[in-house]
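A.B. asks:
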Amino acid sequence: MSATDVGQFVALDPPQVITFVTGENMGHLEIANTSPTKNIAFKIRTTQPLCYVVKPNAGIIEAMGKIKAEINFVPNEAVKNADQSKFQVQFAYTELKSTETDQLANLYSMLTKQQIQ
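The sequence shown maps to residues 1 to 117 in full-length UniProt numbering.
#1: Leucine 104: which of Asn81, Gly59, Gln48, Asp83 sits nearest, CA to CA?
#2: What are the start and end residues of the beta strand (DSSP E) that includes threonine 90?
#3: Please classify serine 109 as buried or exposed, where buried requires at least 16 other C-beta atoms within 10 Å of its C-beta.
#4: Given this structure, state the Cα-to-Cα distance separating proline 15 from glutamine 90, to the nearest angstrom.
#5: Across which residues does DSSP place phenylalanine 20 in a beta bridge pair?
#6: Do you know offhand how far threonine 37's Cα is from lysine 97's?
#7: Short of 7 Å in beta carbon distance, which residues of its chain neighbour glutamine 88, apart from the five on each side in sequence? Order them along the chain.
#8: In angstroms with no decimal places, state the Cα-to-Cα distance between proline 49 and lysine 55.
#9: Does methionine 26 come out as helix, strand or coil in the three-state DSSP assignment?
#10: With distances taken from CA atoms, which of Val74, Asn39, Phe42, Ile40 is nearest threonine 22?
#11: Can you pull the DSSP bridge partners for alanine 58?
#12: Assuming phenylalanine 42 and isoleucine 31 make a contact with CB atoms under 8 Å, what is their CB distance in whole Å?
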């Protein structure tokens, strides 16, 4: 499998639009690794980092595993157009285990753009 194949082994739920519960300012994103043999490192980014707290915002999902990220909206008057925010989920194959998240920064610094989806 090449680095460009990693996308076929990631499933997002919801796949397109994150819905925030009214009054709670909270949404969820489930990321599933459907690869039967490879671990995947992930990172969640947003166009409005002052408006959102994402937990976990990065991690490692072992083969056939999944995580549920909690996304909290934090109203911020200094940010305009928060309703047009976008999220990006980056992922790459890794040999790291889910307990080795302290090594993620080093992993991403070593990867090429072609290895990150």
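Cβ atoms here follow ideal geometry from the backbone N, Cα and C, with glycine treated the same way.
C.D. replies: On the basis of the data shown:
#1: Within the sequence shown, residue 104 is the residue found at index 104, counting from 1. Nearest C-alpha to leucine 104: Gly59.
#2: Counting from 1 along the sequence shown, the entry for residue 90 is found at position 90. Residue identity check: residue 90 is glutamine in the sequence provided, not threonine. Counting along the chain, glutamine 90 sits inside the beta strand (DSSP E) bounded by residues 87-94.
#3: By 1-based counting over the sequence shown, the position of residue 109 is 109. Its Cβ having fewer than 16 others within 10 Å, serine 109 is exposed.
#4: One-based indexing of the sequence shown puts residue 15 at position 15. One-based indexing of the sequence shown puts residue 90 at position 90. Those two C-alpha atoms are separated by around 14 Å.
#5: Counting from 1 along the sequence shown, the entry for residue 20 is found at position 20. Answer is none; phenylalanine 20 lacks a bridge partner.
#6: For the purposes of this step, residue 37 is identified with residue 37 of the sequence shown, where counting begins at 1. For the purposes of this step, residue 97 is identified with residue 97 of the sequence shown, where counting begins at 1. When rounded, the distance between both Cα atoms is 12 Å.
#7: Working through the sequence shown from its first residue, we reach residue 88 at position 88. Cβ neighbours of glutamine 88 beyond the five flanking positions: Arg45.
#8: By one-based count along the sequence shown, residue 49 stands at place 49. By one-based count along the sequence shown, residue 55 stands at place 55. Each residue's alpha carbon lies about 13 Å from the other.
#9: Taking the first residue of the sequence shown as position 1, residue 26 is located at position 26. Looking at methionine 26 - three-state DSSP - the assignment turns out to be strand.
#10: Position 22 of the sequence shown holds residue 22. Residue Val74 is the option with its Cα nearest to threonine 22.
#11: For the purposes of this step, residue 58 is taken as the residue at position 58 of the sequence shown. Beta-bridge pairing links alanine 58 to Lys43.
#12: Against the sequence shown, residue 42 aligns to sequence position 42. Against the sequence shown, residue 31 aligns to sequence position 31. Confirmed, about 6 Å.
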